[in-house]
Amino acid sequence: MPWAAELEERLGQRVESMHLLAGGASKEAWAVDAEGGPLLVRRALGGVIHEATLSLAQEFQVLEAAAEAGVRVPKPVAYLGELGGREAFAMERVEGETIGRRIARNPPRGLETQLAEELAKIHAIPLERLPFLRGGDILERFHRELDSVGDPHPAIEYGLWWLREHRPEPLADVVTHGDFRIGNVVVSERGLEYLLDWEFAHLSDPREDLAWPIVRAWRFGADERRLGGVGELRPYLQRYAELTGLEVSEGELDWWEVLGNVKWATGCLTQCRRHLTGLDRSVEYAVLGRMAAEMEYELLNLIEQA
Amino acid sequence: MSDRPTAPELLEAVWEFLSSEVLPTLDDQRLKFRTLVAMNALGIARRELEADEPGLGEDELSELARRIRAGDLPADAHAVLKTHVAAKLRVSNPQYLERYE
């Protein structure tokens, strides 16, 4: 790597080896073996999935705040500034399962309540601890993002229309993870080990995070287990209520589940535009454009049942 | 009129090449994953070439999107959209629809 020397200098450690890992959508993830131990270096790519994506400097601060709040996260090691012209940070490299399909096939016991426990800790982080996090009207945000795509998507428009018509009374904003779901957790036979990917942290209604893992796309084929393909909603919501005092009913999450499908459908389309615009050519981003139809079908189905 | 193989047959030939000759030689997980994604893309293109559903045109989609945004929904919007999206899924991921049966 042309920036290996920069990395050694910033870390103040000798780097023995490094390689690019699989996965990762808007960031590169490098496995780096440094003198001090195994590290994971997150480095920026050209574009972002959603407009409100945090910079890596901000994501690193969120990771530090989460660690302070006792959230299970890989230990933040250092913000590295720019490596080869793109900003990066280093954190502890952890072991465990992250592949959604494998977790949903054989979910560890107690994962539902562990997910609720982590979420309760995140939602308790004081807003003033992370003053750069932004909130704002969530439906306006997705109208804007959909407009940025260019081509017409009437099914997503329909989802947004339904959401406008049925909008619930908002709850007070909390610090949200923003991408809280199976696929962004590290799991072992003991259960939940770590929570990853904090780049979409923002201020929002806590139900946005609560409902995101129930979106069908994040059930990884185990559709019958509504919570992320790993469990039931009841113990999850019960544990969350015990810890936060906030009682959220299953039915209340329906609106947020439709929103989640709008969000991921739009996310697929904006990621695909990174390929189409030449910002970041990749067959992975290209096919995401065709995946949006899955969330469109799901939201039509959910609205039919609502 | 071109000679055979037809466009779908060419895509199928590339798919088979990737599946039987490239994929088994790959150890790198990232390359393996991306090869599977590429094969999926070929499948989508092949099904699209073979599909004979006319569906909604660009103008109709724009008009429908505009009306929905304005809150002026056609009475049959839900049904029309469901048919439109199901047709897209028969091209992009036919197995997905089975999850709703």
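Chains as they are written, first to last, in my numbering: chain G, 1008 to 1313; chain V, 8 to 108. Backbone N, C-alpha and C fix where the C-beta goes; we use that ideal spot for every residue, glycine too.
8 Å is my cut-off, CB to CB: does residue i come that close to chain V?
i                       : result
residue 1298 of chain G : yes
residue 1036 of chain G : no
residue 1282 of chain G : no
residue 1224 of chain G : no
residue 1040 of chain G : no
residue 1147 of chain G : no
residue 1262 of chain G : no
residue 1220 of chain G : no
residue 1027 of chain G : yes
residue 1045 of chain G : no
residue 1010 of chain G : no
Does the Cβ of residue i have 16 or more other Cβ atoms within 10 Å, making it buried, or fewer, making it exposed?
i                       : result
residue 107 of chain V  : exposed
residue 1278 of chain G : buried
residue 1139 of chain G : exposed
residue 1014 of chain G : buried
residue 1091 of chain G : exposed
residue 150 of chain V  : With chain V covering 8 to 108 only, the question about residue 150 of chain V has no answer from this structure.
residue 1068 of chain G : buried
residue 1062 of chain G : exposed
residue 1227 of chain G : buried
residue 1183 of chain G : buried
residue 1081 of chain G : buried
residue 10 of chain V   : exposed
residue 1030 of chain G : Any reading at residue 1030 of chain G must be qualified, since the residue scores a pLDDT of 48, below 50, and its modelled position is unreliable; the value itself is stated next. Exposed, since its Cβ has fewer than 16 Cβ neighbours within 10 Å.
residue 1009 of chain G : exposed
residue 1155 of chain G : exposed
residue 1108 of chain G : exposed
residue 1211 of chain G : buried
residue 1246 of chain G : buried
residue 1114 of chain G : buried
residue 1204 of chain G : buried
residue 1282 of chain G : buried
residue 1019 of chain G : exposed
residue 1200 of chain G : buried
residue 1179 of chain G : exposed
residue 1317 of chain G : Residue 1317 of chain G is absent from the model: chain G starts at 1008 and stops at 1313.
residue 1134 of chain G : exposed
Does the beta carbon of residue i sit closer than 8 Å to a beta carbon anywhere in chain G?
i                      : result
residue 93 of chain V  : yes
residue 33 of chain V  : no
residue 69 of chain V  : yes
residue 82 of chain V  : no
residue 44 of chain V  : yes
residue 64 of chain V  : no
residue 106 of chain V : yes
residue 88 of chain V  : yes
residue 9 of chain V   : no
residue 54 of chain V  : no
residue 48 of chain V  : yes
residue 27 of chain V  : no
residue 17 of chain V  : no
residue 30 of chain V  : no
For residue i, which of the options has the nearest alpha-carbon?
i                       : options                        : result
residue 131 of chain V  : G:1297, G:1302, G:1310         : The requested residue 131 of chain V does not occur in the structure, where chain V is confined to residues 8 to 108.
residue 1206 of chain G : G:1046, G:1071, G:1238, G:1133 : G:1071
residue 1129 of chain G : G:1208, G:1093, G:1094         : G:1208
residue 1286 of chain G : G:1024, G:1017, G:1052         : G:1052
residue 100 of chain V  : G:1302, G:1306, G:1086, G:1026 : G:1302
residue 1312 of chain G : G:1293, G:1265, G:1065         : G:1265
residue 1240 of chain G : G:1203, G:1256, G:1229, G:1136 : G:1256
residue 1295 of chain G : G:1197, G:1280, G:1304, G:1245 : G:1280
residue 1143 of chain G : G:1247, G:1111, G:1181, G:1027 : G:1181
residue 1214 of chain G : G:1262, G:1310, G:1086, G:1202 : G:1262
residue 1284 of chain G : G:1304, G:1230, G:1198, G:1157 : G:1157
residue 85 of chain V   : G:1258, G:1163, G:1249         : G:1163
residue 1309 of chain G : G:1141, G:1267, G:1134, G:1282 : G:1267
residue 72 of chain V   : G:1039, G:1160, G:1085         : G:1160
residue 45 of chain V   : G:1306, G:1291, G:1305         : G:1291
With a threshold of 7 Å, establish whether the CB of residue i neighbours any heavy atom of the ligand GDP.
i                       : result
residue 1083 of chain G : The model on display carries no ligand, and the ligand GDP is accordingly not part of it.
I want to verify the contact list: residues of chain C whose CB lies under 7 Å from the CB of residue i, in sequence order.
i                     : result
residue 72 of chain V : Going by chain labels, chain C is absent from the structure shown, which instead holds the protein chains G and V.
Q. So does the region 1182-1189 of chain G actually touch the region 1219-1229 of chain G, counting three or more Cβ pairs closer than 8 Å?
A. yes
**Q.** Ordered list of alpha helix (DSSP H) runs contained in the region 1194-1272 of chain G, each at least 4 residues
**A.** 1213-1218, 1240-1251
Q) Counting pairs of Cβ atoms below 8 Å between the region 1169-1179 of chain G and the region 1122-1135 of chain G, do you hit three or more? A) no
Q: Report the residue ranges of all beta strand (DSSP E) runs contained in full by the region 1129-1201 of chain G; include only those spanning at least 3 residues, in chain order.
A: 1181-1183, 1192-1195
Q) Which runs of the alpha helix (DSSP H) fall wholly inside the region 1057-1122 of chain G and span at least 4 residues, in chain order? A) 1063-1075, 1107-1112
Q. Touch check for the region 90-104 of chain V and the region 60-72 of chain V: three-plus C-beta pairs under 8 Å?
A. yes
Q) Does the count of Cβ pairs from the region 1037-1049 of chain G and the region 1093-1104 of chain G closer than 8 Å reach three? A) yes
(Q) Quick check for students: name the residue ranges of the alpha helix (DSSP H) that lie wholly in the region 14-45 of chain V, counting only runs of 4 or more. (A) 14-24
Q) Is there contact between the region 1228-1243 of chain G and the region 1269-1278 of chain G, where contact requires at least three CB pairs shorter than 8 Å? A) no
Q.
For the pair the region 44-62 of chain V and the region 8-22 of chain V, tell me if three or more CB-CB distances fall below 8 Å.
A. yes
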